[in-house]
Amino acid sequence: MKKAMLMWGMAMLLLGPAVARAALSYTDSHGVERVLLPSPAHLAVVPAAGVQARQELALQPAFDFEAGILEHGDLWVFKLRPQYQGRGEEIGRRLVAAGLAERAGLVFAVRGSEAFYLLDRGVLVRFAAASADAAGLLASAGLEIERILDRRQAVYLCRAGDAEAALAAARLAARLPGVEWALPDFAVPITLYYTPNDPYYGEQWHHQQSNGHHIHSQEAWDVTFGDGQVIVAVVDTGLDEGHPDFDPARIVTGYDVPGGDNDPTPPADSMNAHGTCCSGEIAASMNNSEGGAGVCPSCSLMGVRMMDAYTTYTELAQGYQAINYATSNGAWVISNSWGITQDIIDGGQVDMAPFYTAVQNAVNNGRGGLGAVVLFASGNGDSSGNAVAIGPGELANMAEVMAVGGTDDNDIVVSYSNYGPNLSVVAPTGGSGSGDPQILTTDTIGSRGFSRNGTFWAPGFWGDYDTGMPEPDNTGNYTRYFNGTSAACPIAAGVVALVFSANPTLTGAEARCIVEQTADKVGGVSYDGNGHNNYYGYGRVNAGRAVRAAELGFDNPLGSLCAEDFNCANDDCQKDQAGDFYGYCGGQDCSTLPDGTPCDDGDPCTENDTCSGGSCSGTPRDCSDGNPCTDDACDPGSG
């Protein structure tokens, strides 16, 4: 080993003038050339096979050992010592020539940030239509098809010889006939929108609490606990499918994108429990003498593992695969408690078209054309935890996406919740202050997640550490400290799933509309003429109102049962009191019944009303099941 290191040091002294490199650029999905900025402080290589070669590679004197090695896919990413910075290309060539590396990758800097992103040799290509000669066309650009990601949308994952060849091939492929875009398969940093700060239904204050600042789950459960045909996909760090609070009968086959198999089980550490925490908020079982309850406890759950929480990088192709897998395998709702920040999109010159395409496909083509609902967490602010505007290119800012912010147990938006005109709704999450209530949910079982032997373990620089904060029990199966907009997003996703359960015929756009238009105007702030506020969206989700509105549909005739104005053809749902869930489609005051007989009691008329003594004998009354009668055919004794 010492001899190898000595030879390397001599080789560095013999380096000659730098060789001119090919342009570091590509053509984006709009036909614009994007020039990329190489990171002078980093080097990425694919190590050669064999233990000795890898050991020698890891100990090269050019590398900052204290910074460690970032492993992503086949790439090892090193930080260069100051005296070697700016010489990564030369060093990479030497490592390949010495047999220590198979090939060099590329590391790109983000303007105005310390962040960086990666490229190995992948290229994503989308054709306008399926092409029988796709392989031949792509070969002419120097690309080999690795696999077809989506036959319907004609999206191919290809590979070139190395990273620089991938950039050159992407430029050539973008000019091929029938190609919509050809983009380098960048590995971009993913930000999990969770801020770790350190039989349990009673602790789940977001369902019900005495001050009324909750999502009214119990009112929704009077109508439905969820429908098993409604599948909610959680695209995240994975799902512990064996958790005792998940009903195996409602677990839909998931997918592990990095592993390429159908086992989304996460690695054993705190941050990789993130996806299981999100999933429990949506679909933890009810009345099973175990843990707490999800918002849609009888809905089905699909775990899609897109990333490793500690690597926190994902290729564009992996993101496309993750969302597209959920769509192709029947997801009605797709919950995403993560994001890619605007500095990567702008300063990094990364074209997000593969992500945009996958989201648009879900919204437009999911559920056999009815459309799925895709939700993204709005984000957790800047490095100091202060809320910032959602960036224009971020996934949460897509018009097709429901962006979800967070409120505390007093219905006040938390200080880290990102905002903007595309914010759809807010949902409960952990408060910003010390000691504020957080969200209790499922954790990866045993000592594999946040909760271990009765205390909360948090991620730290040197690995997980014990905070000493008490967890609900010693099983390790639950944590009471989940928060961030990561926690808010799955709660809203659960409400969308309840809406679909109440009315499975709804389109995705209709389900989204119902959740937005039934949200409570909280926060003591003003909302614009459309009922929107940039910090609260359309308000805090109200599952009870949403479900009761969903079960009645849209544009019903006069006299029909309604919960919201959109249930009525004339947008006039009349209620006795403002807090009532149900009313009747008005527009007349019962002065004239359908048969023309005048009445004068002022009650809304229903289709089967008859007039007796100047009053509507069909005046709504409660039946024994608690539902209001709407006509004379209802037997008050049986409902």
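According to the numbering used here, the sequence shown is numbered sequentially starting from 438. By construction, the Cβ of each residue, glycine as well, lies at the ideal position given by its N, Cα and C atoms.
Under the three-state DSSP convention, the category residue i falls into
i: D1002; result: helix
i: Q786; result: coil
i: C1022; result: strand
i: G900; result: strand
i: C1060; result: Any answer about C1060 is weak, because its pLDDT of 41 lies below 50 and its placement is not dependable; what the coordinates show is given next. Three-state result, C1060: coil.
i: H711; result: helix
i: E837; result: coil
i: S737; result: strand
i: I652; result: coil
i: E752; result: strand
i: E953; result: helix
i: P685; result: helix
i: N699; result: coil
i: R518; result: coil
i: G867; result: coil
i: G945; result: helix
i: F500; result: strand
i: S550; result: coil
i: A763; result: helix
i: P791; result: helix
i: C993; result: It is worth fixing the name first, because residue 993 is Asn in this sequence and not Cys. N993: strand per DSSP, three-state reduction.
i: R917; result: strand
i: A455; result: Here the model assigns A455 a pLDDT of 42, short of 50, so the residue's position is not dependable, and the following value carries that caveat. Three-state result, A455: coil.
i: E617; result: strand
CB of residue i within 7 angstroms of CB of residue j, strictly
i: E581; j: R596; result: yes
i: D682; j: G728; result: yes
i: G945; j: G808; result: yes
i: V981; j: A956; result: Residue 981 is actually Gly in this sequence, not Val. Not in contact: G981 and A956 (Cβ atoms no closer than 7 angstroms).
i: G1020; j: Q1014; result: no
i: R889; j: G913; result: yes
i: D693; j: R742; result: yes
i: D903; j: W894; result: yes
i: L738; j: P701; result: no
i: D1008; j: D1002; result: yes
i: E493; j: L555; result: no
i: G717; j: T878; result: yes
i: V862; j: G974; result: yes
i: N801; j: Q875; result: no
Anticipated Cβ contact below 8 angstroms, residue i with residue j, distance rounded
i: I652; j: V978; result: 5 angstroms
i: P865; j: H643; result: 4 angstroms
i: W513; j: V482; result: 6 angstroms
i: T942; j: S815; result: That belief does not hold up - the Cβ atoms of T942 and S815 are roughly 30 angstroms apart, past 8 angstroms.
i: A495; j: L517; result: With a Cβ gap of about 14 angstroms, A495 and L517 do not count as contacting.
i: P621; j: A603; result: 6 angstroms
i: A840; j: I827; result: 6 angstroms
i: P791; j: Y757; result: 4 angstroms
i: Y521; j: V562; result: The Cβ separation is near 36 angstroms, so there is no contact.
Close beta carbons around residue i, own chain, < 7 angstroms, minus the five adjacent residues each side
i: P704; result: D745
i: D780; result: V547, G549, S550, A552
i: D684; result: S722
i: H467; result: none
i: L474; result: F545, A546, R548
Where the alpha helix (DSSP H) containing residue i begins and where it ends
i: D957; result: From DSSP, D957 is part of no alpha helix (DSSP H); its letter is neither H nor E.
i: P927; result: 922–939
i: V488; result: 488–495
i: A610; result: 600–610
i: V533; result: 525–534
i: S577; result: 571–577
i: V472; result: No alpha helix (DSSP H) contains V472, which is instead part of the beta strand (DSSP E) from 470–472.
i: V984; result: 980–987
Neighbourhood of residue i by C-beta, 8 angstroms cutoff - its chain only, sequence neighbours within 5 removed
i: V796; result: I760, V811, L832, M835, E837, V838
i: A1006; result: D992, N993, P994, L995, C1022
i: V533; result: V482, E539, R540, A541
i: S852; result: G818, G822, N823, A824, S869
Sequence-distant residues of the same chain with beta carbon closer than 6 angstroms to residue i, five excluded per side
i: S1049; result: Summary for S1049: the model assigns pLDDT 39, below 50, so the residue's position carries little reliability, and this model does not support an answer.
i: V667; result: C736, W769, A934, F937, S938
i: I777; result: V625
i: N970; result: V962, Y964
i: D664; result: S938
Span of the beta strand (DSSP E) around residue i
i: L807; result: Careful: L807 lies outside any beta strand (DSSP E) and carries neither H nor E.
i: V850; result: Note, V850: premise wrong, no beta strand (DSSP E); not H, not E.
i: R596; result: 592–596
i: R558; result: Segment: none, R558 is in no beta strand (DSSP E) and carries neither H nor E.
i: V660; result: Per DSSP, V660 belongs to no beta strand (DSSP E) and is neither H nor E.
i: I506; result: 506–509
Contact with chain C by residue i, beta-carbon distance below 7 angstroms
i: R584; result: You won't find chain C in this structure, because it holds only one protein chain.
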